[in-house]
DNA sequence: ATTTATTTTGTTAATTTGACAAAATAAATC
DNA sequence: GATTTATTTTGTCAAATTAACAAAATAAAT
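Protein chains in written order, with my numbering: chain A, 178 to 438; chain B, 178 to 438.
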C-alpha cells in the first residue's frame, strides 16, 4: 500500500482546508501573442503562479475566481479546472532556490509567525489547477499587493518558476490546445472588436502552427458567428481591415458542439 | 472573499491527508456493453464508487491504482484523472439516505470509534476523480471486502449513488467521450483477441451512436494497428468473423497523435 | 493616377465522409 | 454436395472538406 516516507503532521491555519491550494494559469492575448499572468516576490528572484488557499466555506471555482479577480479586477472570468497536482515533492524545501526564497519572505513576517509559517510551507500541498481565459485589454493588473509584482509574460519568455509551476503551465497549454474546439476563445480572449488576422494569429499561437489565411477566413465566415463592422483605420498606406465582433447566440451553440480545427 | 458558513474544525486520521479522497470510475467492457464497477454496502441500500483516502506519503496516481487493484487484483491499469470535486455539499449529512446509511455502518464499529468516525464523515471532502480503463475479462472481482459488495453494472442500470457519485460517473462518461481519440481503448478495454464487430460496438457504446459497419471496418484497417488472426468458430451457421489483436507499436503512436472519430 | 499592403475570393486536386448495395465467405444443415 | 444463413468484406458514388496557391479587389496614402 502507500509508502509513508515522511510522516509530517498536518498543520493548518484555522478556517482553511489544510494541504490544499489552488493555482491559476491566466491566459491573455496581447500584442498578437499569448501571455500568462505571473507573480514575482519582491526582493527575490522567484516567480510563481497566482494562487491561494481554499477556505472551508468556499468552493474551488469561487476561490479561483477570487484569486484572479484580486489581481485583475475582473470578476467574471472563464474558468477551466484541468488537473490536480499531488507530487510528494510539492513543498518549498524540495528545491534550493525555493527554500532560499521562502527564507527571504519569512524574514519579513513578525517573529512569532515565522516558525509556524515555515512549517506550513514544508508540507506537501495538493494543488488543483485552473486555466483562465480573459480579455487582457480589459484588465488593469494590480502590479503590487503584499509585496508581489504581477506581470503579463509571453509564453516564450516564461522564467523558472517556484515548485512545479513550470510543469503546471505546460500542462495548461496542452489542455488549452486539446480543448480548443470547445473553448469560447473568441469571447474570452479577444477584445470586443478585432480584425480577422488578429483572430487567426490567436489560433496560430495556441495551435503553434501556421494556418492559411484564405482558408481560415473562409472557414470562420462560413461558421457564421462573426459580425462584420466598419473598417479599422490605422493610417497605413493600405487597405483597412474590417473589424469583427462575436454573435454570442450563434457562437455559444457552436462552442458547445465543438468548432472543428 | 470566501464565505465561511460552517466553520468545522478539520479532524483527521493520523497519516492521512485530511479532507481529501480519491474516487475511481472503473470502466470495463462486458457482453457488448460498457460497465462500471460499483460497491454496495452490506445491510444498506446505498451504492458507491470505489474510493479511499490519500495517505501522506502517497501520490494520487498510486492511490488510485491501489484502490482499483484491491478490488480487481489487477495492478497495471490505465488511469486518467479527470476532475476534482469540491462542492460544499460533499458530506454524508447532506442527503437523508446517505445519513441513514452512515448510521448503519457506524453501528458496526467498536463503540469508541463511532463518534470520531461520524465527525470525519460530516466534513466536506475534496475528491479527485479518476476514470480507469481495464480489460474486464482479466478481472476477478473480489466480491466482498469489509462488508462491501463489488459488482459490474452496465451504464443503463446505474442506481442512485452516495453523495455526488452519480455526477462523478456522468462527468467520467463525458470525459471518456471527449478524450476518446487519445485513449488506448483498444489495448485497455478489449481482450487480447476480439472481432471487428465487437470493437465497433465498443465505439458505439462510448459515442452513443450508430456507426456504419463497412465504413468503420475500412477506416480501422486503413489505420493499420490491427493484426488479423484465425477465425472465431462459434458453431453458428454463418461465416466466422476474423479475430484481431493490437499491434502495440503502431497503436501507441496513433493514440498519441489522436485517432480521429 | 499610382503605390502599397492587406483582405477577399477563386480554382483545383486530393482526401475524407456518408450512405447504401453487392459480393464473398464459411459453417452448419439438409 | 448443394443450400441456407448470417456476417464480413469490398464497391460505388455523390457530397463535403481540406490544402495549397493564385489572382483579384480594396482603399488609404502618396
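Using N, Cα and C, we set each Cβ at its ideal position, and we do this for glycine too.
| Asked | Found |
| --- | --- |
| Distance between residue 384/A and residue 353/A (C-alpha atoms, nearest Å) | 9 angstroms |
| Residue 426/B in three-state terms, based on DSSP | helix |
| Chain A within 8 angstroms of residue 325/B, Cβ atoms only | no |
| DSSP three-state assignment for residue 295/A, whether helix, strand or coil | helix |
| Residues that residue 260/B contacts on chain A, provided the C-beta gap is smaller than 7 angstroms | 258 |
| Contacts of residue 431/B in chain A (Cβ-Cβ under 7 angstroms) | Within chain A, no residue comes near residue 431/B; the closest Cβ sits about 16 angstroms away, beyond 7 angstroms. |
| Through-space distance from residue 368/B to residue 400/A, alpha-carbon basis | 42 angstroms |
| Within chain A, the residues that residue 305/B reaches when beta carbons sit closer than 7 angstroms | 261 |
| Distance between beta carbons of residue 224/A and residue 231/A, contact taken as under 8 angstroms | Between residue 224/A and residue 231/A the Cβ distance is about 22 angstroms, and since that is not below 8 angstroms, they are no contact. |
| As assigned by DSSP and simplified to three states, the class of residue 353/B | helix |
| Span separating the alpha-carbon of residue 300/B from that of residue 309/B | 27 angstroms |
| Cβ-Cβ separation, residue 305/B to residue 237/B (assumed contact under 8 angstroms), whole Å | 6 angstroms |
| Status (buried if at least 16 other CB within 10 Å, exposed otherwise) for residue 362/B | buried |
| At least three beta-carbon pairs within less than 8 angstroms, the stretch 261 to 274 of chain A to the stretch 330 to 341 of chain A | yes |
| Minimum Cβ-Cβ distance from residue 150/A to chain B less than 8 angstroms | Look at the range of chain A in this structure, 178 to 438, and you will see that residue 150/A is not part of it. |
| Inter-residue Cα distance where the pair is residue 366/A and residue 235/A | 27 angstroms |
| Neighbour flag for residue 407/B against chain A, beta carbons, 8 angstroms | no |
| Burial state of residue 258/B, where buried means 16 or more other Cβ atoms lie within 10 Å | buried |
| Boundaries of the alpha helix (DSSP H) in which residue 229/A is found, first to last residue | Unbroken run through residue 229/A is the beta strand (DSSP E), 228 to 232; no alpha helix (DSSP H). |
| Minimum C-alpha distance to residue 250/A - residue among 292/A, 261/A, 314/A and 283/A | 314/A |
| C-beta neighbour in chain A for residue 254/B, strict 8 angstroms | no |
| Beta strand (DSSP E) segments (min. 3 residues) lying fully within the stretch 244 to 327 of chain A | 255 to 262 and 303 to 310 |
| Neighbour list for residue 296/A in chain B, Cβ cutoff strictly below 9 angstroms | Simply none; closest approach about 14 angstroms. |
| Beta-carbon separation (whole angstroms), residue 403/A vs residue 421/A, contact threshold 8 angstroms | 4 angstroms |
| Cutoff 8 angstroms: residue 374/B Cβ touching any chain A Cβ | no |
| Per-residue DSSP class, three states only, for residue 339/A | coil |
| C-alpha distance - residue 190/A paired with residue 357/A, whole-angstrom precision | 38 angstroms |
| Buried versus exposed call for residue 204/A [16 or more other C-beta atoms within 10 Å across all chains shown] | buried |
| Nearest-angstrom Cα separation, counted from residue 248/B out to residue 193/A | 34 angstroms |
| Chain A within 8 angstroms of residue 422/B, Cβ atoms only | no |
| Close-in-space but distant-in-sequence residues of the same chain around residue 295/B (CB under 8 angstroms, 5 per side omitted) | 279 and 283 |
| Proximity test, Cβ basis, 8 angstroms: residue 194/B and chain A | yes |
| Contacts of residue 236/B in chain A (Cβ-Cβ under 7 angstroms) | 263, 264 and 265 |
| Own chain residues within Cβ distance below 8 angstroms of residue 438/B, not counting five before or after | 357, 358, 380 and 384 |
| Buried or exposed by the 16-neighbour rule on C-beta atoms within 10 Å, applied to residue 121/A | The requested residue 121/A is not part of the displayed model; chain A covers only 178 to 438. |
| Residue 214/B, DSSP secondary structure in three states | strand |
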